[in-house]
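As structure tokens, the structure follows; a few thoughts come after it.
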Amino acid sequence: MDALQPGQGPLRSATYLPADPSQVLWGRLPCEADSPVLTIDPGTEVTIDTISHEGILEDQGRDPRAFFGGYGVEVLDDAVALAASDYDRGDGGPHVITGPIHVSGARPGDLLRMTVLETLQRVPYGVISNRHGRGALPDEYPAAGSTVSIFAASDGEYGSIPRVAGGPHAARFPLHPFLGTMGVAVRGSVRPHSVPPGPHGGNIDINLLTVGASLYLPVQVEGALAFVGDPHFAQGDGEVALTAMEASLRATIRFEVVAHEDAVREFGELVGPLAETSDYLIPTGMNEDLDIAMQDCVRAAIALLRARYGFDAEHAYAYLSAATDFNISQVVDLVKGVHARIRKADLE
């Protein structure tokens, strides 16, 4: 496939937000003091280019053409431009964030609903890295104490990686593209680090947020100031090596505002992200301690069942134990994540 260079190829929406250096943040997330790069009405669909951080980071040479040169692949012009710019990430994270987007009428107390309508692979490849002594086994990998970046090829439906360095591509796995980072701005004038997720969303890395899924986020500032980034072609629950198959996407998102009174009726008083697919309601829990993240997710699930379906707490707790899977979203982003998959068919 040809790369989806900025402004080229399919653009589903008439409203298009490219990822040029003037319209992204690198390593930090938007805050209340930031000016929007786009203002839209509720219900607007926006086609957004995102850039993977893999191949542009300093420990990879900050030169994507050189980094990917040995693989004979086309490199995205906006990735080259950002890497070549004087953008200083400082002590921020690795992620490239497109936005923020002001959604007119969104007020604190409302929910912002972000629905994924389309994800197009901008390139036929991605990278899976282990670095910084993070990951699920930080005292064991990287074994040599340096960054290990594994090139992964895509045929559009499946990804593949070699069994050993320099070997033939031997592991083949299905792709399910999604945005690892979706969120709203926090109050104040301090931009959050891009790595740990929180009530604002951010780097939640829930792999169920594929086409058709929605993410609900409590609005913290006027206009929400929404953002997206950290594109993936695939990720297993846990994301144990630090990154999954990181690769640039062109995503179309519909932005809607759920008024506070409607939000409370539908979901209760949300204090953090809630995802929804055609099959599942997906409450979340996040904490540096995985046990507490699990407990918070269970509490969020109980509160959701009480508000939406009229359960009392004891019966909600019993149902969750009998019928709901609790999955580890990721364990590599400082703040660990757990999400529940509550089957809507069981309740409706």
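When we follow our numbering, the leftmost residue of the sequence shown carries the number 790, and every step to the right adds one.
Glycine is no exception: its CB is placed at the ideal position from the N, C-alpha and C atoms.
Query raised in the report: Are M1075 and F1115 close, meaning C-beta to C-beta below 8 Å?
Result: Numbered from its first residue, the sequence shown carries residue 1075 at position 286. Numbered from its first residue, the sequence shown carries residue 1115 at position 326. No, they are not a contact pair.
Query - For G832, three-class secondary structure by DSSP - result: Sequence index remark: in the sequence shown, residue 832 carries index 43 (1-based). Here G832 sits in coil by DSSP.
Query - beta-carbon G1126 near the ligand HEM non-hydrogen atom, thresh 7 Å - result: Although the ligand HEM was asked about, the structure shown includes no ligands whatsoever.
Report task. Spatial neighbours of P883 within its chain, please: CB distance less than 6 Å, with the 5 preceding and 5 following residues excluded, ordered by chain position. Result -> The residue labelled residue 883 in the question sits at position 94 within the sequence shown. Contacts found: H842, L846.
Report task. Alpha carbon to alpha carbon, how far is L793 from V979? Give it in angstroms, no decimals. Result -> The residue given as residue 979 occupies position 190 in the sequence shown. The residue given as residue 793 occupies position 4 in the sequence shown. So the two alpha carbons sit approximately 33 Å from each other.
**Report entry** Simplified DSSP assignment, three categories, for S770
**Finding:** There is simply no residue 770 to check, as the chain begins at 790 and stops at 1137 in what is shown.
Query raised in the report: Since E1077 and K1125 are thought to touch, with beta carbons under 8 Å apart, how far apart are those beta carbons, to the nearest angstrom?
Result: The count along the sequence shown starts at 1 and reaches residue 1077 at position 288. The count along the sequence shown starts at 1 and reaches residue 1125 at position 336. Right, the Cβ-Cβ distance comes to about 7 Å (below 8 Å), so this counts as a contact.
Query raised in the report: Sorted by chain position, which residues of the same chain lie with C-beta nearer than 7 Å to N759's C-beta, five sequence neighbours on each side aside?
Result: The first residue shown for the chain is 790 and the last is 1137, placing residue 759 beyond what the model contains.
Query raised in the report: Using the beta-carbon count (16 or more within 10 Å), is P1007 buried or exposed?
Result: For this step, residue 1007 is matched to residue 218 along the sequence shown. When all chains shown are included, P1007 counts as buried.
Query raised in the report: Taking just the CA atoms, how far does N919 sit from S938?
Result: Numbered from its first residue, the sequence shown carries residue 938 at position 149. Numbered from its first residue, the sequence shown carries residue 919 at position 130. In a straight line, the C-alpha of S938 is about 7 Å away from that of N919.
Query raised in the report: Can the beta-carbon of S1037 be found less than 8 Å from the beta-carbon of L800?
Result: Here residue 1037 is taken as the residue at index 248 of the sequence shown, counted from 1. Here residue 800 is taken as the residue at index 11 of the sequence shown, counted from 1. No, they are not a contact pair.
Query raised in the report: Is the segment 870-883 in contact with the segment 815-829, if contact means three or more CB pairs nearer than 8 Å?
Result: yes
Query - Distance between D809 and D1051 (C-alpha atoms, nearest Å) - result: Here the question's residue 1051 lines up with position 262 in the sequence shown. Here the question's residue 809 lines up with position 20 in the sequence shown. Spanning the two alpha carbons is a distance of roughly 37 Å.
Query raised in the report: Going straight from the alpha carbon of P985 to that of V1121, what length do you get?
Result: The sequence position of residue 985 within the sequence shown is 196, counting from 1. The sequence position of residue 1121 within the sequence shown is 332, counting from 1. Roughly 9 Å between the two C-alpha positions.
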